[in-house]
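The block underneath contains the structure these notes are about, expressed in structure tokens.
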Amino acid sequence: MKELFELTGKVALVTGGTHGIGMAIARTLASAGAKICINDIDQEKLDNCKKEFQSEGIDVYTLLFDVTNEEAVDKGISQIENEVGDIDILVNNAGIIKRIPILDMPVSDFKQVIDIDLVAPLIMAKRVAPKMIEKKEGKIINICSMMSVYGRNSVSAYAAAKGGLKLLTQNMTCEWAKYNVQVNGIGPGYIATAQTAPIRVGGHPFNDLVMTRTPANRWGEPSDVGNAALFLASKAADFVNGQVLYVDGGILANF
Ligand code: NDP
Numbered sequence: 001m002k003e004l005f006e007l008t009g010k011v012a013l014v015t016g017g018t019h020g021i022g023m024a025i026a027r028t029l030a031s032a033g034a035k036i037c038i039n040d041i042d043q044e045k046l047d048n049c050k051k052e053f054q055s056e057g058i059d060v061y062t063l064l065f066d067v068t069n070e071e072a073v074d075k076g077i078s079q080i081e082n083e084v085g086d087i088d089i090l091v092n093n094a095g096i097i098k099r100i101p102i103l104d105m106p107v108s109d110f111k112q113v114i115d116i117d118l119v120a121p122l123i124m125a126k127r128v129a130p131k132m133i134e135k136k137e138g139k140i141i142n143i144c145s146m147m148s149v150y151g152r153n154s155v156s157a158y159a160a161a162k163g164g165l166k167l168l169t170q171n172m173t174c175e176w177a178k179y180n181v182q183v184n185g186i187g188p189g190y191i192a193t194a195q196t197a198p199i200r201v202g203g204h205p206f207n208d209l210v211m212t213r214t215p216a217n218r219w220g221e222p223s224d225v226g227n228a229a230l231f232l233a234s235k236a237a238d239f240v241n242g243q244v245l246y247v248d249g250g251i252l253a254n255f
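Residues 1 to 255, numbered by UniProt numbering, are exactly what the sequence shown covers, in order.
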């Protein structure tokens with residue numbers, strides 16, 4: 001049974017993985033033996049993340065590039081291929097959210113969210129998938145959201161992007177599953193990270209909503225998402241294709 005979750009020898013790239021959910025995913029995949037690569041747009045965060053992993057005895061390969069920049073992505077991934085190896089597991093984790101009502105949201109802000117949360121996973125997958133297809137083996141995990149399936153006030157761009165990412169996951173599956181490349185998503189519920197820090201304060205109406213609506217009666221931990229990523233990255237999920245696994249403490253079941 002243990003071999004099913006063994007990732008020794010596999011190279012995993014987690015985008016935007018210097019903290020929060022991405023870092024937890026990287027940590028969990030490393031614990032299963034994967035060689036971890038992490039990119040980000042902030043060198044200081046990359047350095048701090050590398051130090052934190054080193055203090056835990058985990059060696060990570062860090063790289064500065066913006067996931068929305070096709071040329072930089074190509075260069076970054078070539079560097080990983082040359083210095084670490086071909087990517088076996090791609091986790092499209094980098095993402096942003098803008099909490100602005102539709103009428104107040106500049107179109108440029110809307111486009112920025114779509115670029116990072118939806119177009120970038122496409123750019124990354126287009127660069128990485130051809131080698132997976134050639135080798136007839138690979139795992140792509142797109143970090144979606146509960147917002148992939150329902151709308152809410154003031155998160156229009158995010159919901160549009162994450163809903164699109166769910167469908168992109170299904171389309172990639174239709175095209176690549178026959179090559180033994182599994183493309184799946186994870187839909188985190190409300191997870192305690194920097195992204196949710198502004199709404200995760202006692203007395204904030206949204207914090208109250210999360211606590212009353214989440215059947216598990218708590219915020220999720222980044223490691224909860226890491227554990228789901230390990231399953232989807234492992235051989236145990238070899239016949240799981242085009243799914244979004246919601247890691248949400250049951251909140252979607254309660255809407
Ligand atoms: P964080 O904001 O803590 O982390 C997001 C990461 O993405 C950061 O490291 C950020 O870098 C990086 N990033 C942003 N833009 C780019 C870019 N253009 N190129 C490369 N990296 C970039 O978010 P979380 O850990 O909370 O979320 C991780 C993922 O999970 C996101 O896709 C998010 O939408 C999703 N999610 C989160 C939920 C939650 O409750 N937290 C719920 C549902 C989904 P930097 O810090 O340098 O800006």
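Using N, Cα and C, we set each Cβ at its ideal position, and we do this for glycine too.
Which residues bound the beta strand (DSSP E) around residue 2? Note, residue 2: premise wrong, no beta strand (DSSP E); not H, not E.
Could you check if residue 227 belongs to the surroundings of the ligand NDP, using beta carbon to heavy atom distance under 6 Å? no
Give the DSSP-derived three-state secondary structure of residue 179 in the structure shown. helix
Does the ligand NDP have even one heavy atom less than 6 Å from the beta-carbon of residue 190? yes
Going by the beta-carbon positions, is the gap between residue 95 and residue 117 smaller than 7 Å? yes
Pick from 5, 23, 14 and 4: whose alpha carbon is nearest that of residue 193? 23
I want to check one thing, is the minimum distance from the CB of residue 45 to the heavy atoms of the ligand NDP below 6 Å? yes
Do you know how far the Cα of residue 10 is from the Cα of residue 81? 12 Å
What distance in whole Å lies between the Cβ atoms of residue 173 and residue 92, which are believed to be in contact at a cut-off of 8 Å? About 14 Å separates the two Cβ atoms, so there is no contact after all.
Residue 27, buried or exposed, once every other Cβ within 10 Å from all chains shown has been counted against 16: buried
Given this structure, state the Cα-to-Cα distance separating residue 14 from residue 195, to the nearest angstrom. 17 Å
In the segment 138–226, which residue ranges form an unbroken beta strand (DSSP E) of at least 3 residues, counting only runs that do not cross its ends? 138–143 and 181–188
Pairing CB atoms from the segment 242–249 with CB atoms from the segment 219–228, are three or more of them under 8 Å? yes
Of all the options 156, 61 and 104, which has the alpha carbon lying nearest to the alpha carbon of residue 83? 61
Separation of residue 114 from residue 85, as counted between CA atoms: 30 Å
Beta-bridge partners of residue 36, as assigned by DSSP: 12 and 60
Spatial distance of residue 126 from residue 175 (CA atoms): 12 Å
Residues bridged to residue 244 (per DSSP): 185
Identified DSSP bridge partners for residue 92: 142
How about residue 76: is its Cβ closer than 6 Å to a heavy atom in the ligand NDP? no
Counted within 10 angstroms of its Cβ, other Cβ atoms place residue 182 as buried (16 or more) or exposed: buried
Since residue 234 and residue 90 should fall inside the 8 Å C-beta cutoff, what is the C-beta to C-beta distance between them, to a whole number of angstroms? Not quite, the Cβ-Cβ distance comes to about 15 Å (not below 8 Å), so this is no contact.
Measuring straight from C-alpha to C-alpha, what distance separates residue 238 and residue 12? 16 Å
For residue 144 versus residue 168, is the C-beta distance shorter than 7 Å? no
Leaving out five residues on either side along the sequence, give the residues of the same chain with a beta carbon under 7 Å from the beta carbon of residue 200. 192, 207 and 219
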